[in-house]
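Okay, structure first, notes after.
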Amino acid sequence: MDHVLCLQAIYDMLGACSSNRPADSAEERAKNIFARMDENNDGQLTEEEFLKGCLQDEELSKMLAP
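One gets my numbering by counting positions in the sequence shown from 1 and adding 15 to each.
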């Protein structure tokens, strides 16, 4: 699954009920997170970039934690 689509799906499922931020679209939030995670700006996320980004994003980490 494409990483942006994965992030978008997470926000679609959980974002609306967990976010204290204004109601950005799931797609917009996913694109912003993708841009922060893409450390070398090559337009792709390695597994390492994705995992590191998930762990560093407090809001995303809270949504993924049980």
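Positions of the beta carbon are idealized from the N, C-alpha and C atoms, including for glycine.
Residue i versus residue j - alpha carbon distance
i, j, result
"G58", "K46", "11 Å"
"E54", "R44", "17 Å"
"L79", "N56", "25 Å"
"D72", "L20", "17 Å"
Close-in-space but distant-in-sequence residues of the same chain around residue i (CB under 8 Å, 5 per side omitted)
i, result
"L60", "H18, F49, M52, D53, G68"
"E63", "none"
Environment of residue i [buried if 16+ CB atoms lie within 10 Å]
i, result
"L75", "buried"
"L66", "exposed"
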